[in-house]
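Protein sequence lines correspond, in order, to chains G and W. Residue numbering for the first sequence follows this note's numbering, starting at 1 and increasing by one per position. Residue numbering for the second sequence follows this note's numbering, starting at 1001 and increasing by one per position. Glycine is no exception: its CB is placed at the ideal position from the N, C-alpha and C atoms.
2 protein chains.
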Amino acid sequence: MKHYCTCTFCNYTAMTPKITGELLRLLRQTMRNCKYFSEPIQAYIIPSGDAHQSEYIAPCDCRREFICGFNGSAGTAIVTEQHAAMWTDGRYFLQASQQMDNNWTLMKMGLKETPSQEDWLISVLPENSKVGVDPWIIAADQWKNMSKALTSAGHSLVAVQENLIDAVWADRPERPSTQLRTLGLEYTGLSWQDKITTLRAKMTERKITWFVATALDEIAWLFNLRGSDIEYNPVFFAYAIVGLNTIRLFVDLKRLTDPALRDHLQLDSPSKPELSIQTFPYESVYTELQAICTALGPKDKVWICDKASCALTQVIPKAHRTPIPYTPLCLAKAVKNSTEIQGMRMAHIKDAVALCELFAWLEKEIPKGTVTEISAADKAEELRSQQKDFVGLSFPTISSVGPNGAIIHYRPLPETNRTLTMNEVYLIDSGAQYIDGTTDVTRTMHFGTPSAFEKECFTYVLKGHISVSAAVFPNGTKGHLLDSFARAALWESGLDYLHGTGHGVGCFLNVHEGPCGISYKTFADEPLEAGMIVSDEPGYYEDGSFGIRLENVVLVVPAKPKYNYRNRGSLTFDPLTLVPIQVKMMSTELLTQKERDWVNEYHRKCREVVGAELERQGRKEALEWLIRETQPIV
Amino acid sequence: MKHYCTCTFCNYTAMTPKITGELLRLLRQTMRNCKYFSEPIQAYIIPSGDAHQSEYIAPCDCRREFICGFNGSAGTAIVTEQHAAMWTDGRYFLQASQQMDNNWTLMKMGLKETPSQEDWLISVLPENSKVGVDPWIIAADQWKNMSKALTSAGHSLVAVQENLIDAVWADRPERPSTQLRTLGLEYTGLSWQDKITTLRAKMTERKITWFVATALDEIAWLFNLRGSDIEYNPVFFAYAIVGLNTIRLFVDLKRLTDPALRDHLQLDSPSKPELSIQTFPYESVYTELQAICTALGPKDKVWICDKASCALTQVIPKAHRTPIPYTPLCLAKAVKNSTEIQGMRMAHIKDAVALCELFAWLEKEIPKGTVTEISAADKAEELRSQQKDFVGLSFPTISSVGPNGAIIHYRPLPETNRTLTMNEVYLIDSGAQYIDGTTDVTRTMHFGTPSAFEKECFTYVLKGHISVSAAVFPNGTKGHLLDSFARAALWESGLDYLHGTGHGVGCFLNVHEGPCGISYKTFADEPLEAGMIVSDEPGYYEDGSFGIRLENVVLVVPAKPKYNYRNRGSLTFDPLTLVPIQVKMMSTELLTQKERDWVNEYHRKCREVVGAELERQGRKEALEWLIRETQPIV
């Protein structure tokens, strides 16, 4: 899937503009009000994140959406006395232009003529302006860059402690505090105690005395716990501070009453003092970190991610602060162990069963004219929910017909809901959380006769997908070096797509995770290693007409080519997703023999592995569909 | 060609280690001597550049080579009381290990286990150490990074004004001051006055009042002048400072006496006051820039490249300094105008004539056993020098047989000189400066019967070369996104090469220039544009056995694919180099039909264009060779 805003409100937000005149008037009032900051501020930045720099956020944190109406996952709004502008990237140009009213200027990132936020601010602000931002919402590295640019132009970036959006948001929802779930070794492969020990070994190696964990998925992974505070993401609001002999967990303490949970965390009888977890209220992380920092020795160093909040980062005195682009937890979490890999394989087989059923059902139902984007998405969820250990969806299903498919992050709403027909391309990007793994798969299909152009584009996308999936590359290669493989066939015909090719995928965790990925953007992606799991999802989008995307989740595995240059070893990908790719959409004459072989081998594996499970579950129609859809091409 | 040290001394430096014990003792004495710095310094950094951060340097600037013996183009030496270490990259591992004695530790950059210079210093230095460096030799951005890392570990980076290598270098050569050559519109396509006007327009657009030019090729390009201060590079030692109404040129004033030169620069009768060039001695740039900076208005901004020397950069007060990764001259110079493109085409045709002659001659002479690496290189130079407007070589010829070919930056020396035979692979990477353009071409050939493995590797390299050369990609694509195309076929068999795929090429200027290139390293390369010229040179090196590289210089040109996504336009490459690629070395059965078509079309063009020139010049044997070597493959 591609990145999303997962705010539950989005379900009810239409693709019609939000009326923001009055809201902006109120916000500008607070900007002038010295109750919030000692002087009036001339601009206010509203990033899209929460205090954990989560990509997916809880309803109480959807502040950028609240102020401008745009509910995509990525975007930053800036309001000045005269202007209101919102920056987002190519995935969202169409959606943002539909969701914002005339008070807002859409800033299309990635286009040459679009100014950066800094340049724009400098061009519109009166001399010596103050630009405000909530220091809990802005990441330390972003603060630094923005502050530097503004200062060099005679302005200043200031931290406004109380969030100004909250000040004008009358019915802002509460912060969630859902029940926590413990995960045993049969799912995690590694106890939280072992994870702490590995973390401390890394700290000792780098002469680090404290580590501050702020990313919610890292904390969930570390303690082998899951929550549901954020829809689609099995995480919970918390912080953790790990020292060489102590562990502090900051979380709503009401959540820690369940005896099984207390037992899992050994809260009442820790095995060793250094593995004893001290618990604190969620809100006390700031004062507790202050206390730790007051007691630091001259050589003590504190690790914190440079993407952590500016507020928390600045608690650590600069001389003791060691910012890192990726934490050791992020890196450890990305390389799945054999238990996790086995779980991910199982989750993907179950997921494939549900999708084979869905497609068999669609084939039967579409001719009746009764299936819509929404009912197809609901059916997919229903079928997935029948599978063992299903927890929920891993993101809102993108179920899109014809022109809606060209809106890269479309999600069907009652106002936009189209009926599936024999005449239009259908794109479904969906996935689920199972206790043993997380899935994310996109298939593009035609239930009638696709046009020559649709088939041509589909085939280029397929070539790109195969080119990445079958690539052999040296150990230590960064994902961005593979991105162009996914585009070469499209480029050759003058086509392209305006999003990355793949993202890391968590194991019963966030469907997007770092630090690896496959993108033309080269922001510090870490080298690919065996055991990492990423998506491979090139696409093509013809505005107003159709969208195509082909996505598998793939596991990085060792490859054994003929030679082994400098003993570096080689890697390749093994698809975990096992759902047939529609042959009807292919112009097979455009495929090379190697590509045809890849398709046939992939389909053989789908039939063998998923077929066996369909048989076991007695799902005959889906099995027949699978057998028909996996006939070799010649 | 791949990067080189072009110090003339290199010609006489053997591949045997330099004895450095006594030199290091002397250097360590100066490090403790408070005559040079107020306190003893515990480490001294010796980068490889000059005060202009030139890649190619004059003999007087070969300080890193003087101290450690290694004469490759890239490398940094660091000497402490106890240790001496030298960092270089994969191109030079073999060469450096042969040229340095046991006093030195070779630090192999790019290998996981190799520490960075900062980490190494921190690991070996006693607490609170001073690390010295010559501020004219270290670039401002490098100073900043190094200083930050050292400071965070309790050490400090200090500027030692007198160069400590010079202090122990008894017979250091003088700085050259060669005759200057003026270039008319028939070569440049644009007068220096027009270039100044364009530069000022960019300055005005970005609200910049001064621009400091420190790169020698940018200054040569701006004033349409050439020199020969640095071997192989037609540049001269100078600085320039351009204001909105003034032009200051800093150069040895003795060089400005020639009337034609004075006329070219309009030194005695400028057409307009703002196009009047004020000349100053080379050394006075520091004080003159200080004077300019003293008189700056509060809003005045000064552009300087962030790769300029720390010494000059720090003259500009931080509030007025606008560092840029690439100067507007660098960007303007990279996009060749039609006159320059025409010149480059002509230069490459002449160059191909010389190479066809060389290969025809080699074919005849090698069986006699009289041709060596050195005599072949000399013959190539002799044949090139017969061509019109030949000025000199653009870099020292790499002429290498068998195992010497695996030394990526090999240059033949009397001690290493091998005889060309019918049994070993021959690699020649060579190029020339003509008044109308600069060339750089590599061909790998076998004059007997190549082994199956040699052919296999050659064919993978050829596939990579074609994959880049024939790539179609969107306008605005950065070169690093094309690098993996060059490697895919090698990777698939577990092979690779440890250097980038291509560099920018100047027009009768440096054979390496920024800001574009094709490399897995992503350091701020600028997007490719029509008119840019880069090399395409994948390779494969089998240590101790053979080396393969295939290099063409290629021009970025608009492509016209079937579609035009978002009206972005597409680009591809047009080879300027027109020298046959040896079919005998190809395993043609490994080539796809598309690749075979590419080879045949390329050879057709070589035959047509170079054949006509060979005919015109009456060079019959070479013409026969060309016709034979360009027979279509089937």
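Let me see if you follow: with CB-CB separation under 7 Å, is residue i close to chain G or not?
i: W/Y1565; result: yes
i: W/L1216; result: no
i: W/W1120; result: no
i: W/F1453; result: no
i: W/F1458; result: no
i: W/L1528; result: no
i: W/E1621; result: no
i: W/L1150; result: no
i: W/T1495; result: Note on identity: in this sequence residue 1495 of chain W is Leu, with Thr being the wrong assignment. With 7 Å as the cut-off, W/L1495 counts as an interface residue toward chain G.
i: W/P1403; result: no
Helix, strand or coil for residue i per DSSP?
i: G/L121; result: helix
i: G/R200; result: helix
i: W/I1045; result: strand
i: G/A376; result: helix
i: G/W192; result: helix
i: G/T294; result: helix
i: W/F992; result: The structure shown does not extend to residue 992 of chain W, since chain W is modelled only from 1001 through 1634, so no value can be given for it.
i: W/F1508; result: coil
i: G/I398; result: strand
i: G/R91; result: helix
i: W/W1210; result: strand
i: G/T13; result: Legend: pLDDT at G/T13 = 46, less than 50; position of this residue unreliable, no value from coordinates given.
i: G/Y282; result: helix
i: G/P450; result: coil
i: G/P474; result: strand
Considering only their Cβ atoms, is the gap separating residue j from residue i smaller than 7 Å?
i: W/Y1187; j: W/L1393; result: no
i: G/E615; j: G/V441; result: no
i: G/L571; j: G/L555; result: no
i: G/I46; j: G/K130; result: no
i: G/I219; j: G/A201; result: no
i: G/L358; j: G/K379; result: yes
How many Å lie between residue i and residue j at the Cα?
i: W/Q1117; j: W/A1084; result: 12 Å
i: W/Q1433; j: G/K333; result: 54 Å
i: W/Q1266; j: W/Q1278; result: 10 Å
i: G/F395; j: G/V511; result: 8 Å
i: G/T6; j: W/G1464; result: Bear in mind that the predicted position of G/T6 carries a pLDDT of just 32, short of 50, making it unreliable; the figure below should be weighed with that in mind. Near 43 Å, if we compare the C-alpha coordinates of W/G1464 and G/T6.
i: W/N1245; j: W/F1280; result: 17 Å
i: G/V251; j: G/W136; result: 17 Å
i: W/L1125; j: G/T322; result: 20 Å
i: W/W1143; j: G/P474; result: 33 Å
What I want to know is whether the C-beta of residue i ends up closer than 6 Å to one or more non-hydrogen atoms of the ligand FMN.
i: W/V1534; result: Looking at this structure, you won't find the ligand FMN or any other ligand, since it has none at all.
Hey, is residue i's beta-carbon within less than 7 Å of any beta-carbon in chain W?
i: G/L481; result: yes
i: G/A140; result: no
i: G/P115; result: no
i: G/P538; result: no
i: G/L106; result: no
i: G/S469; result: no
i: G/F211; result: no
i: G/V124; result: no
Item checked: Interface positions of the segment 332-351 of chain G facing chain W (Cβ-Cβ less than 9 Å), listed along the chain -> none
Check: Taking a cut of 8 Å between CB atoms, which residues from the segment 1297-1308 of chain W lie near chain G?
Finding: none
Notebook entry, point to check: For the segment 1497-1524 of chain W, which residues have a CB atom closer than 7 Å to at least one CB atom of chain G, in sequence order?
Noted result: Y1520, T1522
Next item on the list: Give, in chain order, every residue of the segment 540-570 of chain G whose Cβ lies closer than 7 Å to some Cβ of chain W.
Entry: P561, K562, Y563, N564, Y565, S570
Next item on the list: Using a Cβ-Cβ cut-off of less than 7 Å, give me the residues of the segment 311-334 of chain G that come near chain W, in sequence order.
Entry: none
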